[in-house]
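Asker: Just so you know, the sequences run in chain order A and B. Numbering-wise (our numbering), the first sequence opens with residue -12 and increments by one. Numbering-wise (our numbering), the second sequence opens with residue 6 and increments by one. Note that CB positions come from ideal geometry on N, CA and C, so glycine has one too. The structure under discussion is supplied below as structure tokens; questions concerning it will follow.
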Amino acid sequence: MTVEAPRGAALAEQGRLPAERVALVDLLDRLLAGGVVVSGDLVLSIADIDLVRISLRVLIMSVRENLGEA
Amino acid sequence: MTDTGTYLYAVTSAPSPGIEDLRGVAGTPVRTIPCEGLVAYVSTVSLDDFGAEPLRRSMEDLDWLGETAGAHHHVVEEVADRTPVAPVRLVTVYRGDEQVKDLLRNRHDDFVDVLSTVTGRREWGVKAYVDLSAPGPAQTAPSLGGPGTAYLKRRQAGLRSREEAWRQAAMQAERLHETLSSVAVASHRHRAQDPELSGRTEAMLLNGAYLVESTRDDEFLKTVDDLRDRGVEIELTGPWAPYSFTDLEVRGDG
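Right under this line is the structure:
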């Protein structure tokens, strides 16, 4: 699930990368570090717990597993 | 009957037609909560899946994380296609709709500010890489001193050339970021991705996000191409909803 590096012009023509071609790691950069952060009367907000560290560790582990299988 | 919560994806200032069939996290239908000129996009989720404790476990599950992030992203993209949007961070779950309304009421002006900042603009991601393992400057073999001294000197020279390579790379990243920022309304540097995550052996110099006026997209993309032509290894992603430019902290009880 990696994003190829097409030329900018080609990408602009295309308009948008299909969702399945968006690399999870690029998405998590934005979904875990960006966006409006709300705290207050919540059941849960990502700001409350250090999930970023957890999820990145999981990603690294999964990459290692894949390399191991290859 | 299980407890439920209200999962919040995004906020806009106008309702967007055509989202009736939209599905969000865990396959839940997406609905809207209008309040005081703002619209929140939400799903009702089971706290068996989206409570604090289950989530601590789920976030360790890469398949679950990928699916959930993808579903959240999908909702944000669909809404962003129709109207300017302020995406909310992954996994923001309220006790109920009333709490979401409170948020829209209490932080009305903040959301209006954010939405006006992102209107007519899109985010592009630019990652730049450098190969630090490329041979550096030739190391001079010291002739004085014993083998131990020679070793230490070689080692110092090696460290210096590596430090120097990093220093050069950091300066290059700074220049790249400045060049790209000059075509953008706002910019943000995300933390460089670990080589194991980027899937590349080269070090990531720059993991930048750029908020670009839609009318200047071509100019921005040409700037990226020009950098490529100058030999910089670049990956472009996007256009994204403006995730990296809505990072205001909103206190729901404010």
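Does any residue of chain A have a CB that is nearer than 8 Å to the CB of T185(B)?
Answerer: Taking the first residue of the second sequence as 1, we reach residue 185(B) at position 180. Reading the sequence as shown, one finds Leu at residue 185(B) and not Thr. Not one chain A Cβ lies under 8 Å of L185(B).
Asker: Check the Cβ of S249(B) against every Cβ in chain A and list those closer than 7 Å, keeping chain order.
Answerer: For the purposes of this step, residue 249(B) is taken as residue 244 along the second sequence, with counting starting at 1. Correct list: R17 and G21.
Asker: Give a yes or no on whether 8 Å exceeds the smallest Cβ distance from T97(B) to chain A.
Answerer: For this step, residue 97(B) is matched to residue 92 along the second sequence. It does; some Cβ of chain A falls within 8 Å.
Asker: Going by DSSP, what residue range makes up the beta strand (DSSP E) through M64(B)?
Answerer: Locating residue 64(B) in the second sequence gives position 59, counting from the first residue. Counting along the chain, M64(B) falls outside any beta strand (DSSP E), and DSSP gives it neither H nor E.
Asker: Do L18(A) and H78(B) have their C-beta atoms within less than 8 Å of each other?
Answerer: Here residue 18(A) refers to the residue found at position 31 when the first sequence is read from its first residue. Here residue 78(B) refers to the residue found at position 73 when the second sequence is read from its first residue. Closer than 8 Å, so yes.
Asker: I'd like to check one pair, S192(B) with L181(B): are the Cβ atoms closer than 8 Å?
Answerer: Taking the second sequence and counting its residues from 1, the one referred to as residue 181(B) is at position 176. Taking the second sequence and counting its residues from 1, the one referred to as residue 192(B) is at position 187. No, the Cβ-Cβ distance between L181(B) and S192(B) is not below 8 Å.
Asker: Would you decide whether G101(B) is buried or exposed? Buried here means 16 or more other CB atoms lie within 10 Å of its CB.
Answerer: As a working note, residue 101(B) is residue 96 in the second sequence. G101(B) is exposed by the Cβ-count criterion.
Asker: Give the DSSP-derived three-state secondary structure of A19(B) in the structure shown.
Answerer: Along the second sequence, read from residue 1 onward, the residue named residue 19(B) stands at position 14. A19(B) falls in the coil class under three-state DSSP.
Asker: Would you say L202(B) reaches chain A, if we count a Cβ-Cβ gap shorter than 8 Å as a contact?
Answerer: Position 197 of the second sequence, counting from 1, holds the residue named residue 202(B). L202(B) counts as touching chain A.
Asker: Going by alpha carbons, who is nearest to V237(B) out of L210(B), R127(B) and S249(B)?
Answerer: One-based indexing of the second sequence puts residue 237(B) at position 232. Taking only the C-alpha atoms, the option nearest V237(B) is L210(B).
Asker: Short of 8 Å in beta carbon distance, which residues of its chain neighbour V50(B), apart from the five on each side in sequence? Order them along the chain.
Answerer: Counted from its first residue, the second sequence places residue 50(B) at position 45. Once the five neighbours on either side are set aside, the close Cβ partners of V50(B) are T9, G10, T11, Y12, V30, A31, T33 and V98.
Asker: Assuming P244(B) and W129(B) make a contact with CB atoms under 8 Å, what is their CB distance in whole Å?
Answerer: Sequence index remark: in the second sequence, residue 244(B) carries index 239 (1-based). Sequence index remark: in the second sequence, residue 129(B) carries index 124 (1-based). The Cβ separation is near 6 Å, so the contact holds.
Asker: For the segment 235 to 249 of chain B, enumerate the residues whose C-beta is nearer than 9 Å to any C-beta of chain A, in chain order.
Answerer: E238, I239, E240, L241, T242, G243, P244, W245, A246, P247, Y248 and S249
Asker: Which residues does DSSP pair with W129(B) in a beta bridge?
Answerer: By one-based count along the second sequence, residue 129(B) stands at place 124. Residue pairing for W129(B): DSSP places it in a beta bridge opposite Y215(B).
Asker: Closer than 8 Å between beta carbons: that is the criterion. Which residues of the segment 69 to 90 of chain B meet it against chain A?
Answerer: L70, G71, A74, G75, H77, H78, H79 and E82
Asker: Three or more C-beta pairs under 8 Å: does that hold for the segment 17 to 30 of chain B against the segment 84 to 93 of chain B?
Answerer: yes
Asker: What three-state label does DSSP hand T154(B) in the structure shown?
Answerer: As a working mapping, residue 154(B) is identified with position 149 in the second sequence. T154(B) falls in the helix class under three-state DSSP.
Asker: With a Cβ-Cβ cutoff of 8 Å, do L43(B) and V35(B) count as a contact?
Answerer: Position 38 of the second sequence, counted from the first residue, corresponds to residue 43(B). Position 30 of the second sequence, counted from the first residue, corresponds to residue 35(B). Judged by beta-carbon spacing, V35(B) lies beyond the 8 Å limit of L43(B), meaning their Cβ atoms are not closer than that value.
Asker: Could you check the C-alpha separation between G56(B) and L109(B) for me, to the nearest Å?
Answerer: Here residue 56(B) refers to the residue found at position 51 when the second sequence is read from its first residue. Here residue 109(B) refers to the residue found at position 104 when the second sequence is read from its first residue. The alpha-carbon atoms of G56(B) and L109(B) are separated by roughly 23 Å.
Asker: Tell me which residues share the same chain as R233(B) and place their Cβ nearer than 7 Å to its Cβ, disregarding the 5 neighbours each side in the sequence.
Answerer: The count along the second sequence starts at 1 and reaches residue 233(B) at position 228. Closer than 7 Å at Cβ, skipping near neighbours: I239.
Asker: Find the residues of chain A that neighbour H195(B), judging by a C-beta separation of less than 7 Å, and give them in chain order.
Answerer: Within the second sequence, residue 195(B) is the residue found at index 190, counting from 1. Counting only Cβ-Cβ distances below 7 Å, H195(B) has contacts in chain A at D16 and A20, in chain order.
Asker: Can you list the beta strand (DSSP E) stretches of 3 or more residues lying completely in the segment 79 to 120 of chain B, in chain order?
Answerer: Listed in chain order, they are 97 to 99.
Asker: Under 7 Å Cβ-Cβ, which residues of chain A neighbour Q198(B)?
Answerer: Reading the second sequence from its first residue, position 193 is the one you call residue 198(B). When 7 Å is used as the limit between beta carbons, Q198(B) is near these residues of chain A: V12, in chain order.
Asker: Taking the Cβ atom as the reference point for each residue, do L95(B) and A74(B) lie within a distance shorter than 8 Å?
Answerer: Along the second sequence, read from residue 1 onward, the residue named residue 95(B) stands at position 90. Along the second sequence, read from residue 1 onward, the residue named residue 74(B) stands at position 69. Inclusion of L95(B) and A74(B) in the CB contact set at 8 Å is warranted, their separation being smaller than that value.
Asker: Using a Cβ cut-off of 8 Å (strictly closer), state whether E25(B) contacts chain A.
Answerer: The sequence position of residue 25(B) within the second sequence is 20, counting from 1. E25(B) does not count as touching chain A.
Asker: Between L137(B) and A174(B), is the Cβ-Cβ spacing less than 8 Å?
Answerer: The count along the second sequence starts at 1 and reaches residue 137(B) at position 132. The count along the second sequence starts at 1 and reaches residue 174(B) at position 169. Yes, the pair counts as a contact, with Cβ atoms nearer than the cut-off.
Asker: Apart from the five residues on each side of it in sequence, which residues of its chain come closer than 6 Å, Cβ to Cβ, to T242(B)?
Answerer: As a first step, residue 242(B) must be located in the second sequence, where it is residue number 237. Taken in chain order, the residues that qualify are G130.
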